[in-house]
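Numbering (full-length UniProt numbering), first residue to last: 1 to 779.
Here a beta-carbon is modelled for each residue, glycine too, at the ideal position from N, C-alpha and C.
Model, not experiment: these values are computed from the prediction.
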Amino acid sequence: MENDAANLYCPNELCQAPNSITHSFCQRCSTSLPKRFLWAVADGLNLGNPGEILATRYLVIDKYILLDTKPGYLPQTPDPEKLQSIRPYLRLIPYRLHVPQVYGVVSLSNGSQGQDILLLEKPPLKIIYSATSFDVQLCGELTTVWSEVTSMRQLNWLWQIAQLWQPLASEGVASSLLNPQLLRVEGSLVRLLELRYEEDSVASLAHLGEFWQQLVSTAKPAIAEFVKEICYALIKEEIHTAEQLVKVLDKGLSTLGRSQSPAITIATVSDTGPSRQRNEDACYPPSGSIISKPPHSSALAIVCDGIGGHEGGNVASNLAIETIQQQVQELTKVPYDHIDPNSLLEDLQRAAAVANDKISQRNDSESRQGRQRMGTTLVMALPVAHEMYIAHVGDSRAYWITRHGCYQVTLDDDVASREVRLGYAIYRDAIQQGASGSLVQALGMSPSSSLHPSAERFILDEDCIFLLCSDGLSDFDRVEQHWETEILPLIHGKTDAMSVVEKLLEIANTQNGHDNVTIALVHYQFKYSEPQTKPQFVLSDIADLATVSSVYPAKTLQPKTEGGYHQKTQVIPDTQPSKRPNFVPLQLIILVGLVLGAGLFGTLWMLNNKKNDSVLPTIHNTPSVDLKPTIISPAPSDRLDLIETATKIQLLTNTSPPQQAIAPAGSVLRILNSQVITAQQQNPDQLLYVRICSVGDGVTSPTNLSDPLAPIQRNPAVKAGEVYKLQLSEYQKLSQAQDISTPSQEVIAQCQPQPYRTFAPSNQRESGSKQTKPRRHTE
Numbered sequence: 001m002e003n004d005a006a007n008l009y010c011p012n013e014l015c016q017a018p019n020s021i022t023h024s025f026c027q028r029c030s031t032s033l034p035k036r037f038l039w040a041v042a043d044g045l046n047l048g049n050p051g052e053i054l055a056t057r058y059l060v061i062d063k064y065i066l067l068d069t070k071p072g073y074l075p076q077t078p079d080p081e082k083l084q085s086i087r088p089y090l091r092l093i094p095y096r097l098h099v100p101q102v103y104g105v106v107s108l109s110n111g112s113q114g115q116d117i118l119l120l121e122k123p124p125l126k127i128i129y130s131a132t133s134f135d136v137q138l139c140g141e142l143t144t145v146w147s148e149v150t151s152m153r154q155l156n157w158l159w160q161i162a163q164l165w166q167p168l169a170s171e172g173v174a175s176s177l178l179n180p181q182l183l184r185v186e187g188s189l190v191r192l193l194e195l196r197y198e199e200d201s202v203a204s205l206a207h208l209g210e211f212w213q214q215l216v217s218t219a220k221p222a223i224a225e226f227v228k229e230i231c232y233a234l235i236k237e238e239i240h241t242a243e244q245l246v247k248v249l250d251k252g253l254s255t256l257g258r259s260q261s262p263a264i265t266i267a268t269v270s271d272t273g274p275s276r277q278r279n280e281d282a283c284y285p286p287s288g289s290i291i292s293k294p295p296h297s298s299a300l301a302i303v304c305d306g307i308g309g310h311e312g313g314n315v316a317s318n319l320a321i322e323t324i325q326q327q328v329q330e331l332t333k334v335p336y337d338h339i340d341p342n343s344l345l346e347d348l349q350r351a352a353a354v355a356n357d358k359i360s361q362r363n364d365s366e367s368r369q370g371r372q373r374m375g376t377t378l379v380m381a382l383p384v385a386h387e388m389y390i391a392h393v394g395d396s397r398a399y400w401i402t403r404h405g406c407y408q409v410t411l412d413d414d415v416a417s418r419e420v421r422l423g424y425a426i427y428r429d430a431i432q433q434g435a436s437g438s439l440v441q442a443l444g445m446s447p448s449s450s451l452h453p454s455a456e457r458f459i460l461d462e463d464c465i466f467l468l469c470s471d472g473l474s475d476f477d478r479v480e481q482h483w484e485t486e487i488l489p490l491i492h493g494k495t496d497a498m499s500v501v502e503k504l505l506e507i508a509n510t511q512n513g514h515d516n517v518t519i520a521l522v523h524y525q526f527k528y529s530e531p532q533t534k535p536q537f538v539l540s541d542i543a544d545l546a547t548v549s550s551v552y553p554a555k556t557l558q559p560k561t562e563g564g565y566h567q568k569t570q571v572i573p574d575t576q577p578s579k580r581p582n583f584v585p586l587q588l589i590i591l592v593g594l595v596l597g598a599g600l601f602g603t604l605w606m607l608n609n610k611k612n613d614s615v616l617p618t619i620h621n622t623p624s625v626d627l628k629p630t631i632i633s634p635a636p637s638d639r640l641d642l643i644e645t646a647t648k649i650q651l652l653t654n655t656s657p658p659q660q661a662i663a664p665a666g667s668v669l670r671i672l673n674s675q676v677i678t679a680q681q682q683n684p685d686q687l688l689y690v691r692i693c694s695v696g697d698g699v700t701s702p703t704n705l706s707d708p709l710a711p712i713q714r715n716p717a718v719k720a721g722e723v724y725k726l727q728l729s730e731y732q733k734l735s736q737a738q739d740i741s742t743p744s745q746e747v748i749a750q751c752q753p754q755p756y757r758t759f760a761p762s763n764q765r766e767s768g769s770k771q772t773k774p775r776r777h778t779e
């Protein structure tokens with residue numbers, strides 16, 4: 001579409017020029033113009049006609065598809081006290097390849113009341129560009145496209161759903177995987193349009209079996225009977241865990257995988273960059289290499305970004321490369337038919353732990369302290385038959401590029417990502433906070449007992465590319481900006497792997513240039529034909545899987561490291577480390593306590609406000625699934641935690657940058673994230689979010705009056721109903737000095753949680769033209 005009245009505004013705060021929505025770069029300053037298409041969870045509301053502008057910012061493309069025309073401005077963010085209702089999206093950020101993430105909200109006027117619509121970014125869309133226009137459509141429903149694809153892709157889609165089942169079930173949204181309108185496919189990927197709560201009943205694997213039964217008739221002949229038997233086993237509860245289901249599908253994929261003939265090419269490059277004196281990055285194969293399999297018997301790519309003082313980062317990154325390469329080469333000698341996927345994932349994590357201990361021991365043996373202590377990030381890719389295994393620590397990244405899109409498959413081990421994973425903030429808000437880009441773990445900084453590398457695998461059923469890189473390239477979204485023009489041609493056979501990495505190196509040095517750059521490109525090609533041998537479902541294959549260990553912790557473990565180092569990258573301490581990963585996390589214990597303590601109040605409040613309050617509505621006219629068992633809907637964990645000020649206190653506005661504001665004596669404040677106060681391990685710089693319930697008259701209590709002649713604050717900057725910030729350290733000082741106290745029951749009754757209402761619009765811009773989170777601290 002093309003709308004003459006709609007403009008896409010440059011995100012460069014020094015430019016902000018209007019551009020045609022079809023342009024890729026600003027016509028005035030040449031800044032890249034990000035096109036952020038969004039899905040509005042509008043619950044049947046009419047958002048406007050295509051071409052209309054919503055809330056002076058969002059261009060209506062189709063019924064619920066919007067385009068942000070002002071990508072340089074921060075989107076309006078959800079009220080902190082309402083994060084509970086969108087927490088499944090936040091906690092499922094490790095699965096953002098399949099689950100959309102929260103972009104923000106947009107406020108709409110609905111008669112005398114306002115209504116906030118949840119906006120999700122990177123929805124499953126098919127976008128076709130031309131010189132003067134573009135066409136945007138939702139990707140097809142899995143049930144519609146199912147009959148058109150190969151048997152390998154059909155089983156791949158089922159495998160992805162099986163992998164997602166347990167994480168979504170733990171958040172009460174597994175029924176989203178049973179909704180044909182929500183279950184979309186983008187090439188080989190299964191992607192959800194939005195999440196749906198299980199409000200009245202709980203989804204089970206038996207329901208999944210019933211849902212899959214409709215696919216049997218159009219399944220490819222090679223797998224039709226196999227899928228049919230799986231459905232029966234699910235319905236009869238012979239397969240009663242998601243782990244068992246994944247295991248069964250793995251056997252089928254292994255049979256089909258024998259029909260593939262993969263060819264793998266790896267190209268690497270590493271460069272000091274224009275602003276550094278030495279290169280602390282390292283890679284395997286060595287920089288400038290091109291490796292092909294066949295004729296080589298194995299293929300492995302590693303990128304490390306060193307951290308530390310003089311010579312430290314270089315030593316750490318090369319030591320990690322040497323150690324991991326030796327460990328993994330032993331694994332590649334095992335025939336594929338004898339490899340257990342979960343065991344291989346554990347072996348990759350173990351290899352990272354061995355490298356971690358070697359670097360840590362080197363630090364200790366050389367008495368490295370403070371800024372001289374060294375460490376490194378890690379990202380590696382190991383292709384095995386029809387699978388790609390990725391292991392990761394730190395903020396070096398892996399991207400998966402296909403004909404359909406470019407997807408970041410690793411999640412940075414930094415403070416911002418941790419806050420989102422814990423459900424404390426949406427990502428675009430989290431990256432605005434101080435130290436958001438600081439790492440929470442890296443190799444060599446602490447014993448391996450407190451290191452939690454992520455490790456995951458992907459089923460490959462088409463030509464694709466995995467790009468591993470240090471932040472010298474990934475910063476400022478350079479990969480997202482250039483993948484279509486510089487990387488995609490390799491899949492189409494219009495260039496070669498080494499030319500691609502050299503071009504990406506040039507982009508990193510000319511458009512970023514602030515750091516070392518290391519790139520490893522893994523080009524995966526194969527020829528597939530429908531198999532002659534059909535996969536067989538044998539019930540005895542799952543008989544011993546009743547107690548199989550979870551396949552999910554590798555992806556969802558919370559990183560924990562020991563802090564105190566003053567190296568190049570600041571490593572921020574996390575919550576109390578657990579010596580045994582199977583223990584219940586502290587955050588979960590606190591959350592459960594809060595939920596139980598507020599269960600009755602929260603349930604009644606949510607039911608009373610459910611119609612107007614929900615930001616996770618179901619899509620209208622969606623076929624419902626008959627889920628007979630009943631389950632209580634998740635209740636918000638909000639609880640009253642009120643304080644009354646005995647003297648005026650200084651707060652910060654909930655803006656970027658924050659401004660000072662004064663709450664006079666007698667003000668009543670409601671703490672929205674009170675779990676921070678009760679946490680066993682606390683960061684004094686952590687922020688409390690407080691809502692002003694009532695503004696005091698400014699008369700300071702005589703017992704706390706430090707200066708009797710000080711003027712009384714009559715015109716405070718704070719406003720009732722607004723949300724402000726208060727540092728935890730300041731709260732603790734006020735509490736110790738008895739400058740705050742618990743208000744009377746009369747006051748408490750007047751400060752009940754209010755229904756989900758319109759958020760104050762954000763007028764702040766994202767800093768500069770940077771469309772990514774602040775990077776880790778450097779020298």
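Three-state secondary structure assigned by DSSP to residue i
i                 : result
tyrosine 64       : coil
arginine 96       : coil
proline 535       : coil
cysteine 26       : coil
leucine 253       : helix
phenylalanine 526 : coil
alanine 497       : helix
arginine 278      : coil
glycine 444       : coil
serine 20         : strand
glutamate 486     : helix
serine 375        : This sequence places glycine at residue 375; serine is not what is there. Strand, per DSSP.
glycine 306       : strand
serine 656        : Residue placement at serine 656 is flagged as unreliable, the pLDDT there being 48, under the threshold of 50; the coordinate-derived value follows with that caveat. Residue state, collapsed to three classes: coil.
valine 415        : helix
serine 170        : helix
glutamine 76      : coil
Cβ neighbour criterion (16 or more within 10 Å) applied to residue i
i                 : result
valine 723        : buried
phenylalanine 458 : buried
asparagine 46     : exposed
phenylalanine 25  : exposed
glutamate 198     : buried
aspartate 135     : exposed
glycine 434       : exposed
histidine 492     : exposed
serine 470        : buried
threonine 77      : buried
Contact check, residue i vs residue j, beta carbons under 9 Å
i                 : j              : result
glutamate 730     : glutamine 650  : yes
methionine 388    : isoleucine 324 : no
phenylalanine 526 : leucine 460    : yes
valine 479        : leucine 490    : no
phenylalanine 466 : tyrosine 528   : no
alanine 206       : isoleucine 235 : yes
isoleucine 519    : threonine 268  : yes
leucine 118       : alanine 55     : no
leucine 38        : isoleucine 65  : yes
asparagine 279    : asparagine 516 : yes
glycine 51        : glutamine 16   : no
Residue-chain proximity (residue i, chain D), Cβ-Cβ < 9 Å
i             : result
glutamate 456 : The question asks about chain D, but that chain is absent: this structure has only one protein chain.
Closer than 8 Å: residue i CB and nearest the ligand HEM heavy atom
i          : result
serine 367 : No copy of the ligand HEM occurs in the structure displayed, which carries no ligand at all.
How about the region 408-424 and the region 357-368: do they share at least three Cβ pairs that are nearer than 8 Å? no
Kindly provide the ranges of any alpha helix (DSSP H) runs that are 4 or more residues long and lie completely inside the region 78-165, ordered along the chain. 87-91, 142-145
Any contact of the region 181-193 with the region 110-130, i.e. 3+ C-beta pairs under 8 Å? Touching, per the Cβ criterion.
Is the region 144-152 close to the region 434-450, with three or more CB pairs under 8 Å? As far as the Cβ criterion goes, the region 144-152 does not touch the region 434-450, which means the pair count is below three.
Using 8 Å as the cut-off, can you tell me whether the region 221-236 makes contact with the region 429-437, which would need three or more C-beta pairs spanning the two stretches below that distance? With the cut-off at 8 Å, the region 221-236 and the region 429-437 do not touch.
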